[in-house]
Every structure is written in structure tokens, then in C-alpha cells.
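Protein chains in written order, with the working numbering: chain A, -12 to 408; chain B, 14 to 276.
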Ligand code: SF4
């Protein structure tokens, strides 16, 4: 097996656009750019910020970039030295560490926040994280309180939507204070329109992995597309990126090209990747010719493949619905099961991998039950554990043994099925 | 005559089994792994060849297993110890449905059908409730690892351990010694605590007889007895139980890779 060195136009464009984005962050940090708003990935309402020319900054994206570049540990340790516990989410620690290290990273200087927008979708750590940033930076935190999906139907109530829309109104007022200008409604509609087109393309891209072989890895390669999805959504460049991505992926489908030479196993994966060991982790699957055809992690920012689109005719309402209903983190557990079941079924996958993450108690809790649930359904399921940010919680030999043994038995199962067919 | 070798390079010991064309064990060898994993693999392979009086050239295929499987330089294939234990157990005990493997650093429960892995779980990174825990306990009491199982069988009032953590067990044991508790009762408590923890692990793949006990700890009679009591079921144990991974690897070598590793 050799992993095809997939470095299409899409990758170059991503690099270039993200470099521009980081240059904008640095300009903002140096006082010559747009004001910056920190916000979280879950259901991120970037359209509102873009309508005010406020630059979205995602501490989670910065933290994971640090981890990928193997720079997270010193920041984590600095935060632990300050008193953050070893059990705290390491995204928080890496972010706080870099904040006190002068906000200088290998990719950008992170600006001080003009707005700390805590879009609270599911993770209670968000509240404290932004609370602490508020204390350190002196910038007041703006809390967007998003009610969790509590109903079995999976829909928010009318009251939930109204409640969020009233808060979005107040957020608009805050943005008006920060920028000193009124909301331009046409501009907002335009940003939402761009988002809507972007979402449409992203959804189409995600449906392409139903094809055998999948044209890209829906976990490891989705990551390349997720940064522009959050950092550039609602901008013309963001849309161009997704047009390019879709064209390139569709071409690969037509040519029957996948990310590996051959596709032997198709799996669904739950949980974020171990960013500090991404390469090693990917190889553990590639050597088995195993391709992720769907991942729940790629829906933290939004769940477009099941039908959500922003609506330029109802901009605020669609932003509210994005926050409430159409992102992984605000959904209930039964919806998470249903999402995975649809992936297994409609994306023709034969196994589920659950990567449980020590940092993230909230979203890792319940994964033992998830494993039981899918095992009972007859889906071969593997639960592995490490961390998304802290490089110390990764035991390569153990991880490899679990993954190898899992694919060994899957391979055997396939042989038996073939023989009996 | 052709022979087939299985080399299981574990964290503490490296084991080699050589089988002939009839799948009969022709030679075995065991060495301490030490710091140089690749050397340990070579050493135990050479020792097994010598023990069986077998020429290196007559080994038609060798399979590496265990955490050091990628360090078996002469291996034709690498297969995880999980798959190999299942395979080996089914040769020795064909009715095996569950393999309980307790090695130096980890404990595993493997659910098996016809020699193939259906499901498995492992303990996490920590060494709680593994062979390492037992050797720490033995050291603390100034005993040899091979004697503690036997002694534990004499326990009348086993103590209750507050931890199965390898780091804290030492002080726990010292406290009981200071209280004047009998050595056998302390050891009884230790074996009971580990057995309970292991069975909790097994429960996650399902408690289906027959159970086959493998790995170094299966040589400990106290542990076998304690597990049997708690399970309410007999355990299959053989004198070769701790070679099970190597046996499985040798069988795979003889089948010339029914399930290839990697590609
Ligand atoms: S706890 Fe989980 S969801 Fe919350 S910030 Fe950390 S990684 Fe994100």
C-alpha cells in the first residue's frame, strides 16, 4: 500500500487562503486590521460577524494548529503551572498558554479580542474558557445561550428559536457598538447567501464519499476543508474554495480515484483526531487500506449533509437554527446514534471507530454505551482513546495493536462472508 | 521436514514456538526482553532452534507478534497478539469462546469463535491489575513472583485492598504488614482484587464459556483459582498457556498467512 500523494489544487488553494486569513489575524493584532471576535466552532455564526467586517478567530482552530505543529505541550505546561488541572480540556490550556506567551504562534500573531462571543452549544467548558479569557483580556464576554436539543424529535421549539433570535438581536447591537456602524441588512443577506452556497457545495462534497472508492478520506482529508469552512464561510473566497474543492472531488469520483491505491475497508469515525500525532494515526489506517467515508467530527461546525442551508430570506432565523439544530454538539445522544447509523447505511461502511478524547469529557462521556449500542446492532466497533491536544496521552504501541487487531478480525470476517456467499 | 516459527515479543519476555507440518510443537524458548527488543527476538528464535535441533533453513515461515512484532527482523508477517492468542487457544482448547490474557503490562479479554477474534478489550495505559502489579506486590513482600500464587491459596481472611494501582499498592501492603496481617491474607486480597478487575474487563466482551487463560499470569495457581471462583467456571490452562501468542503466530506461519497483516 502506498498512500497517494494527494496534493491537488485544492491543497494549494487552502494553504494560500489560510495564509491570507492568518495574515489578517496578524494585521489585526498589529492594529492595522479589522477588529477580532473570538468564537467557538460549534454552530459558529460567522455570517453576523462578516456582515460587520469583524474577523472571526477560533481558539479551537489555533489550539489544534499548535498541536499539529507539535507546539502545544509547552503552552499546556505553562497553563498547568498557572494552576489549570491535568484534567482540564487541553484546548483551553494550550490557548491560555499561548495567550500569555504573547499570542505569537508559528502561523500568526493572534489579536486581542474586541468581542468574546461565547456561542454556548453543548460544551460547558466553553463558558469557563471564555470567562477566563474575559478576565485576562479585560474584554467582556458575550454569552449566546443556546438551549440544548431536548426533544426526541430533534427539533428546537418555537420558543427556543425566538429565544436565540432575541439574543442575536442583542449581539447585533454589540457589534454596532464595537464597529460604530449600523448593521447593513443587505450585507448580512449577502454573507448568508454566500454561506448558503458554500453549505450546498460542502454537502455535495460529503455525499461524494458514498462512491466506491471514496474520492477522499472523510476524516483526514475533511480536515483540510474544515478550516476554510469556519474561517472563510460567508466570504467570496470561501465560496471559490468550495467550488474548487467540489470540482476536484467530482473529477476524482469520475476517475475512480481514492486517497489510497486500493480501498479495502470503509469505516465511519466518531470523535476528533489526535492532532499532535495526526500523521502516525493516519498511517495506522492507511496501512490497512481503510478509508473513513464519514465522520461525526466534521459536523461540529455544522451538519449540512442532512439538509441544512442558510436562508438569505430569513438570515437571523437560519443562523439561529444553525446554532440550535444543525451542529453535532448541540444535538442529543439519540441524534448522534441516528447520524452514525445513516452514515453506516447510506455511505456503505462496515465498521465504526470511536476515538475517545481525554480532554473532552462532555463528548466522550457515553461513548462506551455507544460502542455497546453499535456492537448490538452487529456493527464491528472499536473504541480507542487518546487526546486531541496533549501529546502525552498517546500510546502508539497500544493504539497500533488495537487498530491492527480490529482490522485483522474485520479482514477475517470479510473472508468468511465471501466464502459463504 | 519444514518448520514454522512464531515469535511473541512481549514487554517483559520474548517467546518462540516452532511447529512442524502436523502443527505439533517441536520447540519452545523464552528469554527476558530487556532493553533491546530486536535482539530479544533474535535470541529467543536462536534458542528455540537450538532446543529443537532445527536448522534455520528449514523454517519455511516466521510470524512476529506482541508489542515488539515489528522488531522481528526475520519475520515474514506481523500479526497482533490478540489474533494470535485466539488462534493458539483454539488449538489447545477447541471449545474456547473467551480468552483471558494477562501479561506483564496488559490484560485483555478476547471473544472467540472458531479460533477467530469476534471482539476484544484491553486495559488502558495503566498497569493496574496486570503482571506488573503482582511483581510489585511480590517485591514489596520480599517474595518471588512464582511463589505468591501458591501462598495466596492459604488465605483465610483475605484483606480488602483499597487500590489496584501499581503505584499505591506498595504503601497499602506495607500498612497491612504493619497491622500484623498474615502474608497469605494480604496475598489473598491482592489476587482477589486483580481477579475482580479482570472479570470486569471480560464482562465487556461477554462471559461465555469455555474460558482459556493465557499469558504469564496464567502460571499463577492462586490467580487461576481466584478467577475460577469468581467466574463460577473452570478455566482452561495449559503448561504452555504463556506461550499462547507464539503458538498462534506459529500456526499462522504454517497456514502462511490466512489473515495478512497490513496488506
Ligand atoms: S471540552 Fe470538548 S467541546 Fe469543550 S472545548 Fe474542550 S474539546 Fe471542545
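Idealized CB from N, CA, C, for every residue including glycine.
Give me the Cα-Cα distance between residue i and residue j, rounded to the nearest whole angstrom.
i                      : j                      : result
residue 182 of chain A : residue 321 of chain A : 28 Å
residue 264 of chain B : residue 77 of chain B  : 11 Å
residue 256 of chain B : residue 201 of chain B : 26 Å
residue 392 of chain A : residue 194 of chain B : 43 Å
residue 166 of chain A : residue 131 of chain A : 19 Å
residue 0 of chain A   : residue 361 of chain A : 38 Å
residue -11 of chain A : residue 302 of chain A : Because the pLDDT of residue -11 of chain A is 42, which lies under 50, any placement of that residue in the model is unreliable, and the question is left without a value.
residue 207 of chain B : residue 207 of chain A : 39 Å
residue 90 of chain B  : residue 285 of chain A : 35 Å
residue 402 of chain A : residue 127 of chain B : 14 Å
residue 117 of chain B : residue 102 of chain B : 19 Å
residue 202 of chain A : residue 60 of chain B  : 50 Å
residue 149 of chain B : residue 183 of chain B : 7 Å
residue 250 of chain A : residue 198 of chain A : 11 Å
residue 136 of chain B : residue 147 of chain B : 15 Å
residue 23 of chain B  : residue 364 of chain A : 34 Å
residue 315 of chain A : residue 104 of chain A : 19 Å
residue 252 of chain B : residue 62 of chain B  : 20 Å
residue 72 of chain A  : residue 279 of chain A : 34 Å
residue 26 of chain A  : residue 43 of chain A  : 7 Å
residue 151 of chain A : residue 236 of chain B : 59 Å
residue 289 of chain A : residue 31 of chain A  : 8 Å
residue 339 of chain A : residue 165 of chain B : 43 Å
residue 136 of chain A : residue 51 of chain A  : 27 Å
residue 81 of chain B  : residue 88 of chain A  : 40 Å
residue 110 of chain A : residue 220 of chain A : 23 Å
residue 272 of chain B : residue 175 of chain B : Low per-residue confidence applies at residue 272 of chain B: pLDDT is 44, beneath 50, and the placement is therefore not dependable enough to give any value.
residue 270 of chain B : residue 32 of chain B  : With a pLDDT of 42 at residue 270 of chain B, under the threshold of 50, the modelled position of that residue is not reliable, and no figure is offered here.
residue 26 of chain B  : residue 250 of chain B : 19 Å
residue 51 of chain B  : residue 273 of chain A : 25 Å
Who are the neighbours of residue i on chain B, taking C-beta pairs under 7 Å?
i                      : result
residue 392 of chain A : 93, 95, 96, 130 and 133
residue 211 of chain A : Going along chain B, no residue has its Cβ under 7 Å from residue 211 of chain A, so there is no contact; the nearest lies around 25 Å.
residue 384 of chain A : 80
Is residue i near the ligand SF4, with its Cβ less than 6 Å from a heavy atom?
i                      : result
residue 347 of chain A : yes
residue 203 of chain A : no
residue 105 of chain A : no
residue 78 of chain A  : yes
For residue i, which residues does DSSP report across the bridge?
i                      : result
residue 340 of chain A : A/256 and A/369
residue 124 of chain B : B/111 and B/132
residue 20 of chain B  : B/29 and B/77
residue 45 of chain B  : B/26
residue 128 of chain A : A/103
residue 91 of chain A  : A/96
residue 282 of chain A : A/256
residue 249 of chain B : B/225
residue 42 of chain A  : A/23
residue 91 of chain B  : B/77
residue 72 of chain B  : B/16
residue 208 of chain B : For residue 208 of chain B, which the question treats as bridged, DSSP gives no partner whatsoever.
residue 40 of chain B  : B/31
residue 277 of chain A : A/252
Within 6 Å: the Cβ of residue i and any heavy atom of the ligand HEM?
i                      : result
residue 112 of chain A : Absent from the structure shown: the ligand HEM. Ligands present: the ligand SF4.
Counting only Cβ pairs nearer than 8 Å, list the residues of chain B close to residue i.
i                      : result
residue 388 of chain A : 80, 93, 94, 95 and 135
residue 338 of chain A : Correct list: empty, because the minimum Cβ distance to chain B is about 12 Å.
residue 166 of chain A : Neighbours of residue 166 of chain A on chain B: none; closest Cβ ~50 Å, over 8 Å.
residue 362 of chain A : 132
Name, please, each residue of chain B whose Cβ falls closer than 9 Å to the Cβ of residue i.
i                      : result
residue 128 of chain A : Going along chain B, no residue has its Cβ under 9 Å from residue 128 of chain A, so there is no contact; the nearest lies around 36 Å.
Exercise. Using a Cβ cut-off of 8 Å, which residues of the region 79 to 90 of chain B contact any Cβ in chain E, in chain order?
Worked result: As a matter of chain content, chain E is missing from the structure shown, whose protein chains are A and B.
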